[in-house]
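Asks: One structure, pasted below without further comment.
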Amino acid sequence: MRPPTLPLPQCLERGGAVTPLHAMPNAFSVVECERIIASTALAPKDEALLVGQTRDHNQRRAELVWIDQVDGMGWVMERLIDFVRISNRERFDFDLRDFAESPQVATYDAASGGHFAWHSDIGDGRLARQRKLTLVLQLSNSKSYEGGDLQVMPSANILTANREQGCVSIFPSFSLHQVTPITHGIRHSLTVWSHGPSFR
Ligand SMILES: O=C(O)CCC(=O)C(=O)O
Ligand SMILES: [Fe+2]
228 MRPPTLPLPQ CLERGGAVTP LHAMPNAFSV VECERIIAST ALAPKDEALL VGQTRDHNQR
288 RAELVWIDQV DGMGWVMERL IDFVRISNRE RFDFDLRDFA ESPQVATYDA ASGGHFAWHS
348 DIGDGRLARQ RKLTLVLQLS NSKSYEGGDL QVMPSANILT ANREQGCVSI FPSFSLHQVT
408 PITHGIRHSL TVWSHGPSFR
């Protein structure tokens, strides 16, 4: 008699390859994106630190607001968790346990050389070490800025994320990615990580 088999997760049924970049267009509406930008605009901003908590303007130039410090943002976190759950079920099947860090809204301004050079989100810190999936929400109208493209390099080829306002992009946190220099205007994005035990 054959042993009972567990149903395969959807991602394995589809062939087993890890999705390099999962785009979820219109995850948030234009009105919702503008509401998030407006709510975080008044919050005190920090200069972006890198994964290892160092400051290197050649590597990254952006300002950050942690949204757990902004009132009335609970609904954003709930929606982000839903999108990560759906994406993980359909595409990644990673062992995810929690969202141990606050989502952050980044502001990249052409006037101050906004960019984020190639990096992985896995770092040495207690939490950065456990990052498994990175979610980036495009908050700005894509026509309001030039440059500032999120790009992911899962292998030799470079994938450019959908720039549409409200689009969520999800990719493995170990993948190299960058935000190309913004050459005109201002770009706002929201990043959150989901955490879990080490890969094995
Ligand atoms: O702003 C983005 O599109 C990406 C941000 C990012 O890579 C990060 O916060 O680690
Ligand atoms: Fe990153």
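First residue of the sequence shown: 228, per our numbering; consecutive thereafter.
The C-beta atom is built at its ideal place from N, Cα and C for all residues, glycine as well.
(1) Would you please state the rounded distance, in angstroms, between the beta carbons of Arg414 and Gly375? I believe it to be under 8 angstroms.
(2) Could you compute how far the alpha carbon of Ile409 sits from the alpha carbon of Trp345?
(3) Which class does Leu307 belong to by DSSP, given the choice of helix, strand or coil?
(4) Could you check the C-alpha separation between Asn384 and Phe398 for me, to the nearest Å?
(5) I'd like the span of the alpha helix (DSSP H) that includes Val257, first residue to last.
(6) Work out the CA separation of Ser371 and Leu269 for me, nearest whole Å.
(7) Would you call Trp420 buried or exposed, if buried means 16 or more other Cβ atoms sit within 10 Å of its Cβ?
(8) Alpha carbon to alpha carbon, how far is Ser416 from Ala289? Give it in angstroms, no decimals.
(9) May I ask whether a heavy atom of ligand 1 can be found less than 7 angstroms away from the beta carbon of Val332?
(10) So, at 8 angstroms on beta carbons, what are the nonlocal neighbours of Leu233 in its own chain, with the 5 sequence-adjacent residues on each side left out?
Replies: So, from the listed chains and residues:
(1) If you number the sequence shown from 1, residue 414 lands on position 187. If you number the sequence shown from 1, residue 375 lands on position 148. Going by Cβ atoms, the distance from Arg414 to Gly375 rounds to 4 angstroms, so yes, they are a contact pair.
(2) Within the sequence shown, numbered from 1, the residue matching residue 409 stands at position 182. Within the sequence shown, numbered from 1, the residue matching residue 345 stands at position 118. Distance between the alpha carbons of Ile409 and Trp345 is about 15 angstroms.
(3) Your numbering for residue 307 matches position 80 in the sequence shown. Looking at Leu307 - three-state DSSP - the assignment turns out to be helix.
(4) As a working mapping, residue 384 is identified with position 157 in the sequence shown. As a working mapping, residue 398 is identified with position 171 in the sequence shown. For Asn384 and Phe398, the distance between alpha carbons rounds to 15 angstroms.
(5) The residue you call residue 257 lines up with position 30 of the sequence shown. Val257 to Ala268 is the extent of the alpha helix (DSSP H) around Val257.
(6) What you label residue 269 is simply residue 42 of the sequence shown in a count that begins at 1. What you label residue 371 is simply residue 144 of the sequence shown in a count that begins at 1. Straight-line Cα distance between these residues: approximately 20 angstroms.
(7) By 1-based counting over the sequence shown, the position of residue 420 is 193. With 16 or more other Cβ atoms within 10 Å, it is buried.
(8) For the purposes of this step, residue 289 is identified with residue 62 of the sequence shown, where counting begins at 1. For the purposes of this step, residue 416 is identified with residue 189 of the sequence shown, where counting begins at 1. Approximately 10 angstroms, taken between the alpha carbons.
(9) Residue numbering aside, residue 332 sits at position 105 when the sequence shown is read from its first letter. Because no heavy atom of ligand 1 lies under 7 angstroms away, the Cβ of Val332 does not count as near it: no.
(10) On the sequence shown, position 6 is the one that residue 233 refers to. Legend: pLDDT at Leu233 = 49, less than 50; position of this residue unreliable, value from coordinates given subsequently. Taken in chain order, the list of residues that qualify is empty.
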